[in-house]
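**Student:** Numbering (the numbering used here), first residue to last: 52 to 395.
I'd like to ask you about the structure that follows.
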């Protein structure tokens, strides 16, 4: 009978049987193999032809087969151990990486915690500063509201012009006060119809003050020395006490004379008392007189600006020497010129 070669499945079954200790001490171990009867006969035929059962050779071959199976088992076990070692190494490396990541995360948490504390401190400080700013803003707003109310009352009473003039004492300060009032109105009322109406009224009042200021006779008519004051004095010609209607400013003949304010020249001429003289009507109740000129440089009807040159110092008319006699009249009442212009 010819023996058929073992296939892979047969070899696997034999190997498993050899690894089983129950077969190592039995001579009929082939019968216990999970093979069909034909394959078992083939194996018996193979071993009986080569080694008679009970012979030493049969025992040696059986032992060799058993040892071979054991070596296969050890080899498989070693491969399993190597595979487990590789997996273990991978797990160790992964664990190390996870530990490193955990440390980084922990450090980040600590850093974020500190930053959070710092930010909370900053927020707390900013809240305190904001509270202080709000308090100051409320105080400023209250003051601004009070000023605004004062302005509103003044406008409602239509008394801005006289009120500002009397309070400030001069037109320059009054103009500044109106500008400040306009700024407060813009900030307080914004772009509202009420604000526009109030600003328009203030613009009109400012124009009145500007016009009043340019017509106000406070420009020094000549550069010189005050030689005679306003009021009662001894007449230089008669020696009698007489009322002096203006002031005398001594200066060299030909020294320029200027208009004390904006206005219209209503008279230029000569008489024996005043000599060459000029009268200017400033249109607001004020008139100014310039006497004893050596030369008149404007004509009747001319409009002159404040500070405009109108003539030269002289000694014409009833005069003891070159000087300017300067008078200020308000609504027909003679005023002291030193209330308007300053001379030392």
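The beta carbon of each residue, even a glycine, is placed where N, CA and C say it ideally should be.
If you count every other CB in all the chains shown that lies within 10 Å of the CB of residue 228, and 16 or more means buried, which is it?
**Tutor:** The residue given as residue 228 occupies position 177 in the chain shown. It counts as buried.
**Student:** Distance check for residue 302 and residue 274, CA to CA, integer angstroms please.
**Tutor:** Indexing the chain shown from 1 puts residue 274 at position 223. Indexing the chain shown from 1 puts residue 302 at position 251. Approximately 7 Å between the Cα atoms of the pair.
**Student:** Determine whether the beta carbon atoms of residue 306 and residue 230 lie at a separation below 8 Å.
**Tutor:** In the chain shown, residue 306 corresponds to position 255, counting from 1. In the chain shown, residue 230 corresponds to position 179, counting from 1. No; because the gap between Cβ atoms is not below 8 Å, this pair is not in contact.
**Student:** Look at the alpha carbon of residue 247 and the alpha carbon of residue 197, and state the distance between them as a whole number of angstroms.
**Tutor:** Within the chain shown, the letter at position 196 stands for residue 247. Within the chain shown, the letter at position 146 stands for residue 197. Answer to the nearest angstrom: the Cα atoms are 20 Å apart.
**Student:** I'd like the ranges of any beta strand (DSSP E) spanning at least 3 consecutive residues and lying wholly in the region 294-348.
**Tutor:** Fully enclosed beta strand (DSSP E) runs of 3 or longer: 298-301, 307-309, 314-322, 326-332, 337-347.
**Student:** Mapping the DSSP letters down to three states, classify residue 147 as helix, strand or coil.
**Tutor:** On the chain shown, position 96 is the one that residue 147 refers to. The answer is helix: DSSP assigns residue 147 an H, G or I state.
**Student:** Would you kindly check if the distance between the Cβ of residue 374 and the Cβ of residue 343 is under 8 Å?
**Tutor:** In the chain shown, counting from the first residue as 1, residue 343 sits at position 292. In the chain shown, counting from the first residue as 1, residue 374 sits at position 323. Yes, Cβ-Cβ distance for residue 343 and residue 374 is below 8 Å.
**Student:** Between the C-alpha atoms of residue 293 and residue 367, what's the straight-line distance to the nearest angstrom?
**Tutor:** Counted from its first residue, the chain shown places residue 293 at position 242. Counted from its first residue, the chain shown places residue 367 at position 316. Answer to the nearest angstrom: the Cα atoms are 20 Å apart.
**Student:** Cβ atoms of residue 268 and residue 384: under 8 Å apart, would you say?
**Tutor:** Start at 1 with the first residue of the chain shown, and residue 384 comes out as number 333. Start at 1 with the first residue of the chain shown, and residue 268 comes out as number 217. Going by C-beta atoms, residue 384 is not nearer than 8 Å to residue 268.
**Student:** Thinking C-beta only, is residue 276 closer than 8 Å to residue 300?
**Tutor:** Taking the first residue of the chain shown as position 1, residue 300 is located at position 249. Taking the first residue of the chain shown as position 1, residue 276 is located at position 225. In this structure, residue 276 lies closer than 8 Å to residue 300 by Cβ.
**Student:** State the Cα-Cα distance for the pair residue 241 and residue 233, rounded to the nearest angstrom.
**Tutor:** Taking the chain shown and counting its residues from 1, the one referred to as residue 241 is at position 190. Taking the chain shown and counting its residues from 1, the one referred to as residue 233 is at position 182. Cα to Cα, the separation comes out at about 11 Å.
**Student:** Any idea which residues DSSP pairs residue 378 with across the strands?
**Tutor:** Your numbering for residue 378 matches position 327 in the chain shown. 340, per the DSSP bridge assignment.
**Student:** Please return the same chain residues whose Cβ sits closer than 7 Å to the Cβ of residue 314, not counting the five positions on each side in sequence.
**Tutor:** Locating residue 314 in the chain shown gives position 263, counting from the first residue. So the qualifying residues of the chain are 266, 331, 332, 333, 334, 355.
**Student:** So which of 287, 347, 154 has the shortest CA-CA distance to residue 372?
**Tutor:** Counting from 1 along the chain shown, the entry for residue 372 is found at position 321. Residue 372 has its Cα closest to that of 287, out of 287, 347, 154.
**Student:** Determine whether the beta carbon atoms of residue 370 and residue 326 lie at a separation below 8 Å.
**Tutor:** Locating residue 370 in the chain shown gives position 319, where the first residue counts as 1. Locating residue 326 in the chain shown gives position 275, where the first residue counts as 1. Result yes, Cβ atoms of residue 370 and residue 326 sit closer than 8 Å.
**Student:** Run through DSSP, which three-state label would residue 265 get?
**Tutor:** Residue mapping note: residue 265 aligns to position 214 of the chain shown, counting from 1. It is helical.
**Student:** Looking at the secondary structure, which residues open and close the beta strand (DSSP E) in which residue 363 lies?
**Tutor:** If you number the chain shown from 1, residue 363 lands on position 312. Element bounds for residue 363: 360-364.
**Student:** From residue 142 to residue 152, what does the alpha carbon distance come to, in whole angstroms?
**Tutor:** On the chain shown, position 91 is the one that residue 142 refers to. On the chain shown, position 101 is the one that residue 152 refers to. Approximately 15 Å, taken between the alpha carbons.
**Student:** Out of curiosity, what's the CA-to-CA distance linking residue 389 and residue 340?
**Tutor:** Stepping through the chain shown from its first residue, residue 389 is reached at position 338. Stepping through the chain shown from its first residue, residue 340 is reached at position 289. Cα to Cα, the separation comes out at about 14 Å.
**Student:** Checking 8 Å against the spacing of the C-beta atoms, do residue 260 and residue 226 come in under that value?
**Tutor:** Here residue 260 is taken as the residue at index 209 of the chain shown, counted from 1. Here residue 226 is taken as the residue at index 175 of the chain shown, counted from 1. Yes, the Cβ-Cβ distance between residue 260 and residue 226 is below 8 Å.
**Student:** Could you check which residue in 272, 377, 386, 280 has the C-alpha nearest to that of residue 360?
**Tutor:** Your numbering for residue 360 matches position 309 in the chain shown. Nearest of 272, 377, 386, 280 to residue 360, Cα basis: 272.
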